[in-house]
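Contents: one structure, followed by commentary.
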Amino acid sequence: MADTNISSSGYTTNTSIPFIITGFNGTKCWWQDFNNSVYDQSSNPYPPVHCLSSGDQIGLLIDVEAGLLSGLAVIVALALILRNFYGHLKSDWGQEWDLIQEPADIYVLLLFFFELFQALGGITSIEWVRTGIVRTGSYCTAQGILQQIGEMGVAMSTLVIALHTFRVIWWGKSQDRRDYWIVSIVSGLVVTYDVLFVALGTGLNKDYMAPDPFWCWLGGRYMPEKIAGEYIWIWLALVASVILYPPLFFLVRGNISFEPESRFRFSFHRRRHTTATKGINPSSLKGMLLYPVIYGITVLPLSVARWTTFRLDSGRQYQTTGALAGGTFFAETVFRLSGVFNVIIILTTRRRLLFMRQVHGVGGAPSAESLDNPDLLEREVGAEHGPSVELTGRQRAERAGITGPLGERGDWNLQDGEA
Numbered sequence: 115m116a117d118t119n120i121s122s123s124g125y126t127t128n129t130s131i132p133f134i135i136t137g138f139n140g141t142k143c144w145w146q147d148f149n150n151s152v153y154d155q156s157s158n159p160y161p162p163v164h165c166l167s168s169g170d171q172i173g174l175l176i177d178v179e180a181g182l183l184s185g186l187a188v189i190v191a192l193a194l195i196l197r198n199f200y201g202h203l204k205s206d207w208g209q210e211w212d213l214i215q216e217p218a219d220i221y222v223l224l225l226f227f228f229e230l231f232q233a234l235g236g237i238t239s240i241e242w243v244r245t246g247i248v249r250t251g252s253y254c255t256a257q258g259i260l261q262q263i264g265e266m267g268v269a270m271s272t273l274v275i276a277l278h279t280f281r282v283i284w285w286g287k288s289q290d291r292r293d294y295w296i297v298s299i300v301s302g303l304v305v306t307y308d309v310l311f312v313a314l315g316t317g318l319n320k321d322y323m324a325p326d327p328f329w330c331w332l333g334g335r336y337m338p339e340k341i342a343g344e345y346i347w348i349w350l351a352l353v354a355s356v357i358l359y360p361p362l363f364f365l366v367r368g369n370i371s372f373e374p375e376s377r378f379r380f381s382f383h384r385r386r387h388t389t390a391t392k393g394i395n396p397s398s399l400k401g402m403l404l405y406p407v408i409y410g411i412t413v414l415p416l417s418v419a420r421w422t423t424f425r426l427d428s429g430r431q432y433q434t435t436g437a438l439a440g441g442t443f444f445a446e447t448v449f450r451l452s453g454v455f456n457v458i459i460i461l462t463t464r465r466r467l468l469f470m471r472q473v474h475g476v477g478g479a480p481s482a483e484s485l486d487n488p489d490l491l492e493r494e495v496g497a498e499h500g501p502s503v504e505l506t507g508r509q510r511a512e513r514a515g516i517t518g519p520l521g522e523r524g525d526w527n528l529q530d531g532e533a
C-alpha cells in the first residue's frame, strides 16, 4: 500500500522505509514516484512507475550492452552482404545475380530485420539506467513496441526457417519459382501478423505498454496478449527446432534411409555412404544440432524467469526482490544476445546464403580438371540451389547432374539434357 506518511517535502515518519539522500528505499525515486510505484490491489494494481535500485541499474546496463552487441552483429552481417553484392556488380564474372539467390535468403533477411528491432528494444533501456525510474509514457510505449515486434518476429522467423529447412532436406525438394512465392507469402504473413498485433493492441488498449517492471513491455493486465503475442511463438520455435533439426542431422549423416516412394517410412541404421543427401560438410551437420541447443539456451532461462514471476502474487511482482531481479537480468541478457548467436550460426553453417558464397562460373558441363577439384567443379556448374548448407565435393557433383558417387565407380557420365 502507498505510504501516506511521505510528504511533499520528501520526509517520512514511517521508520520501516529506509531513506537516503538520493531517494527512497535505495532508489532515485522521490516521494511522488515512490508512492506511484507501490502496489495496492484496490488503488494501484498496475503501478505506472518502477523505482530501480543501484543493482537494478547495473543489471539493466548489461542488458543494454547485450542489445548493442546483437544490433552491431546484425549490422556487420548486412554490411558483409552489401559489400559482396557491390563487389559482384563491379566484377566481370559474366553471370547475372540477384540479391536473393534462393528462398531461404528471404527468411534470413526477415530474421535479421526482427533482430534489429529486438536489439533496439534492449538498447532503449539506457534511459531507465540514466534516470533510475521506469515510467509509463510515450518513451515507454515506443520501447514496448520495439520489444514486442522484435521478440515475436524473431521467434516466428526461427520457426519458419526450421520448417523450411526440414521440408527441403527431408523431402529432397528442389527449389523453384513456386518456393519463392511460398516463402514470400509466409514472410508477408509473419510481418502482417506481427505489426497488426502490436498496432491494434497499442491503439485499442489503455496503458498497453507499462513497466514490466525493469523495462517497458505489455502491461500486467494483458496476460493473454503476452502469450499470443510472444510466448506461444517462442515455445513453438523451440519445440520445432528440437524436433526437426536432429533428424536432419542423422539424415544427411547417412543414418536414415527411406522406403521407396515414401518419406514417411524410414529406417535408422549405422552410417552408410549411399544416401542421396550425403556430402554435407561437418560444420553444417554440427549447425543442425546447434540450432535447437542455442535457441534453447537463449529462451529457456527467459521462460523460467518470467514464468516464476507470473506465479508470484501481484504485489511481489513489483518488488525488486520479489521479481527475482538477478535471475531476470541474467535471462534477459542471454536472450538479448540471440542476434549475436544467430549471426554466428548463419555465417558458419549457412555461408552460401546471401552472397556469402562466391560463384564465378556460368554453368554448363564440368571440365576434366574440375572432376578432381570440388571447388572448381562448383564454380563451373554454378551455385546449387538446394538446402542452404555447405556441401562437399561429392554432393556438389551429384547436385550438378553427375551420376555415380565418388569413389564407387571409376567412370563419370553426364545425365542426358543436364550437360
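Read in my numbering, the sequence shown has 441 at position 327, and its numbers run on one by one without any break. Cβ atoms here follow ideal geometry from the backbone N, Cα and C, with glycine treated the same way.
- Counting the other Cβ atoms within 10 Å of the Cβ of V188 gives 16 or more, which makes it buried.
- P161 and E344 have their C-alpha atoms roughly 22 angstroms apart.
- Nearest Cα to L234 within the set I247, L186, Y221 and G251: L186.
- Secondary structure of I370 (DSSP, three-state): strand.
- Counted as a single uninterrupted DSSP element, the beta strand (DSSP E) harbouring H164 occupies residues V163 to C165.
- Taking 8 angstroms as the cut-off, the Cβ atoms of V297 and I263 do not count as close.
- With contacts defined by Cβ atoms closer than 8 angstroms, L273 and A342 do not form a contacting pair.
- Following the DSSP letters along the chain, one finds R292 inside the alpha helix (DSSP H) bounded by residues R291 to L318.
- Within its own chain, the residues whose Cβ lies closer than 6 angstroms to the Cβ of I275, once the five positions on either side in sequence are excluded, are Y221, listed in chain order.
- Classified as exposed, P338 has fewer than 16 neighbouring CB atoms from the shown chains inside 10 Å of its CB.
- Taking all protein chains shown into account, W295 has fewer than 16 neighbouring C-beta atoms within 10 Å of its C-beta and is therefore exposed.
- Counting C-beta atoms within 10 angstroms of its own C-beta, V353 has fewer than 16 neighbours from the protein chains shown and is therefore classed as exposed.
- Residue pairing by DSSP places P325 opposite C330 in a beta bridge.
- The C-alpha of C143 is placed about 42 angstroms away from the C-alpha of P406.
- The residue from G368, I348, S355 and I460 with its alpha-carbon nearest to that of V413 is I348.
- About 4 angstroms separates the beta carbons of P415 and A445, which is inside the 8 angstroms limit, making them a contact pair.
- In this model, F382 and V309 are separated by some 43 angstroms (Cα to Cα).
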